[in-house]
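Protein chains in written order, with the working numbering: chain A, 1 to 246; chain B, 1 to 57.
Beta carbons are placed, not taken as given, at the ideal position from N, Cα and C, and that holds for glycine.
Quick caveat, the model's predicted, so the values are computed rather than measured.
Presented below is the structure to which this report refers.
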Amino acid sequence: MKLNWFKYASPVTFYPLAGKLIPWFVLAAAILTVAGLYLSFFVAPTDFQQGESYRIIFIHVPAAWMSMFIYIVMAAWAAAGLAFNTRLSSMMASALAPTGAFFTFIALWTGALWGKPTWGAWWVWDARLTSELILLFLYVGFMALHAAIDDPRRADRASAVLALVGVVNVPIIYFSVKWWNTLHQGASVSMTMAPKMAATMLLGMLIMALACWMYSIAAALARVRCIILEREQQADWIANLAKEPT
Amino acid sequence: MIWKSLDDFIAMGGYGFYVWGSYLVTAIVIIAEILMLRARRRAVEKARQAQAVLIQR
Chain A
1 MKLNWFKYAS
11 PVTFYPLAGK
21 LIPWFVLAAA
31 ILTVAGLYLS
41 FFVAPTDFQQ
51 GESYRIIFIH
61 VPAAWMSMFI
71 YIVMAAWAAA
81 GLAFNTRLSS
91 MMASALAPTG
101 AFFTFIALWT
111 GALWGKPTWG
121 AWWVWDARLT
131 SELILLFLYV
141 GFMALHAAID
151 DPRRADRASA
161 VLALVGVVNV
171 PIIYFSVKWW
181 NTLHQGASVS
191 MTMAPKMAAT
201 MLLGMLIMAL
211 ACWMYSIAAA
221 LARVRCIILE
231 REQQADWIAN
241 LAKEPT
Chain B
1 MIWKSLDDFI
11 AMGGYGFYVW
21 GSYLVTAIVI
31 IAEILMLRAR
41 RRAVEKARQA
51 QAVLIQR
């Protein structure tokens with residue numbers, strides 16, 4: 001069977017596909033969240049240094065990973081929209097931005113609540129924290145710029161440029177703990193070294209991260225379906241869709 | 001079992017405020033996003049139905 005990848009590059013074919021996929025991602029997110037929370041609170045042992053306060057890690061790290069990863073995916077879709085002038089790519093970028101912003105906020109919030117008992121401060125102007133805050137501003141700036149321009153195709157192009165310039169911030173966040181002397185601890189998990197934590201702690205964190213992935217995909221697909229309907233209202237295929245329930 | 005009782009679980013070794021503050025706000029943010037998506041979906045559906053009525057006329 002020959003797969004035609006461009007078939008789903010059009011909103012007409014992507015819209016029903018996204019609708020079929022959403023329930024599966026929601027289901028996966030729900031199962032993984034229950035399993036992840038069980039491991040986080042009932043299996044993972046108490047940390048010998050930080051006591052129970054370390055349990056914030058199970059949302060803090062997955063949320064921080066998602067905040068960076070969603071930004072890269074968003075910028076990649078925006079770039080594809082800019083390069084190939086495909087409207088679905090730009091819609092995907094717009095659909096990802098709010099979810100990315102929410103995860104950035106969660107990473108900052110849980111970080112503050114973890115910082116207080118471990119460092120004695122809710123917030124410090126340290127390289128890791130500051131660059132993550134800039135990431136939140138980049139997401140908000142992307143959404144604000146898109147909303148400020150009336151013509152959606154022009155808004156796509158302008159915000160795509162902003163998203164691409166902001167990509168520079170992601171490696172800065174990731175490597176900030178290496179490049180600067182920071183209060184924030186180094187990476188707990190890296191590609192080159194063995195993880196510096198108990199196996200059950202690591203497993204709980206990875207399952208929570210997977211749950212965040214599934215949730216993000218479901219949320220972005222649900223949002224892109226709204227965006228498709230909003231932006232293609234005049235199109236014939238949407239008018240035909242109106243005759244049958246979805 | 002790590003926890004001796006429900007109170008022990010809620011106390012989180014004295015870090016209850018920080019741990020539950022993190023998880024509670026995360027839950028609120030995610031529920032808020034789901035509600036926002038639902039509201040947006042409803043608004044689009046409404047606009048579409050209005051349009052469908054116009055087309056049929």
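For residue i, which residues in the same chain have their Cβ closer than 8 Å to its Cβ, ignoring the five residues on either side in sequence?
i                : result
Thr118 (chain A) : Gln50, Ser53
Gly14 (chain B)  : none
Whole angstroms are fine: how far does the CA of residue j sit from the CA of residue i?
i                : j                : result
Ala211 (chain A) : Ala52 (chain B)  : 38 Å
Ile31 (chain A)  : Ala18 (chain A)  : 20 Å
Ser40 (chain A)  : Met214 (chain A) : 18 Å
Trp179 (chain A) : Asp126 (chain A) : 12 Å
Ala82 (chain B)  : Val224 (chain A) : Examination of residue 82 (chain B) is not possible in this model, given that chain B is present from 1 through 57 alone.
Leu221 (chain A) : Ile22 (chain A)  : 7 Å
Thr104 (chain A) : Tyr8 (chain A)   : 29 Å
Trp24 (chain A)  : Pro16 (chain A)  : 14 Å
Asp150 (chain A) : Ala75 (chain A)  : 21 Å
Asn169 (chain A) : Ile106 (chain A) : 18 Å
Arg42 (chain B)  : Ser10 (chain A)  : 23 Å
Ala218 (chain A) : Val26 (chain A)  : 6 Å
Thr110 (chain A) : Ala148 (chain A) : 31 Å
Leu35 (chain B)  : Val12 (chain A)  : 26 Å
First and last residue of the alpha helix (DSSP H) that includes residue i?
i                : result
Ser40 (chain A)  : Run containing Ser40 (chain A): none; DSSP gives neither H nor E here.
Val170 (chain A) : 169-179
Phe48 (chain A)  : Element bounds for Phe48 (chain A): n/a, residue is neither H nor E.
Ser159 (chain A) : 152-166
At 8 Å on the CB atoms, spell out the chain B contacts of residue i, in chain order.
i                : result
Ala219 (chain A) : Glu33, Ile34, Leu37
Gly81 (chain A)  : By Cβ distance, chain B contributes nothing, its closest Cβ being about 21 Å from Gly81 (chain A), past 8 Å.
Ala222 (chain A) : Leu37, Arg41
Can you pull the chain A residues whose beta carbon is under 8 Å from the beta carbon of residue i, in chain order?
i               : result
Ser22 (chain B) : Ile56, Ile59, His60, Trp109, Thr110, Leu113, Trp114
Ile10 (chain B) : In chain order: nothing, as chain A lies at least about 11 Å away.
List the residues of chain B whose Cβ lies closer than 9 Å to the Cβ of residue i, in chain order.
i                : result
Pro152 (chain A) : Under the 9 Å cutoff, chain B gives no residues; its nearest Cβ is about 15 Å from Pro152 (chain A).
Gln233 (chain A) : Val44, Ala47, Arg48, Gln51
Against residue i, what residues of chain B qualify as contacts under a CB-to-CB distance less than 7 Å, listed in chain order?
i                : result
Phe105 (chain A) : Val29
Leu229 (chain A) : Val44, Arg48
Phe42 (chain A)  : Ile2
Glu52 (chain A)  : Met12, Gly13, Tyr15, Val19
Pro117 (chain A) : Tyr15, Tyr18
In chain order, what residues of the same chain have a beta carbon less than 6 Å from the beta carbon of residue i, not counting five sequence neighbours either side?
i               : result
Ala28 (chain A) : Met214
Val43 (chain A) : Thr200
Can you list, in chain order, the residues of its chain whose CB lies under 7 Å from that of residue i, leaving out five sequence neighbours each side?
i                : result
Ala112 (chain A) : Trp122, Trp123
Phe48 (chain A)  : none
Would the beta-carbon of residue i be found less than 7 Å away from any heavy atom of the ligand MG?
i               : result
Ala78 (chain A) : Although the ligand MG was asked about, the structure shown includes no ligands whatsoever.
Taking 8 Å as the CB-CB limit, is residue i close to chain D?
i               : result
Phe25 (chain A) : Checking the listed chains, one finds no chain D in this structure; the protein chains it contains are A and B.
Query raised in the report: Any chance the stretch 98-105 of chain A sits against the stretch 57-68 of chain A, with 3 or more Cβ pairs inside 8 Å?
Result: yes
Report task. Evaluate the contact criterion for the stretch 19-36 of chain B versus the stretch 126-136 of chain A: three or more CB pairs, one atom per stretch, below 8 Å. Result -> no
Should the stretch 153-163 of chain A be regarded as contacting the stretch 120-130 of chain A, the criterion being three or more beta carbon pairs within less than 8 Å?
no
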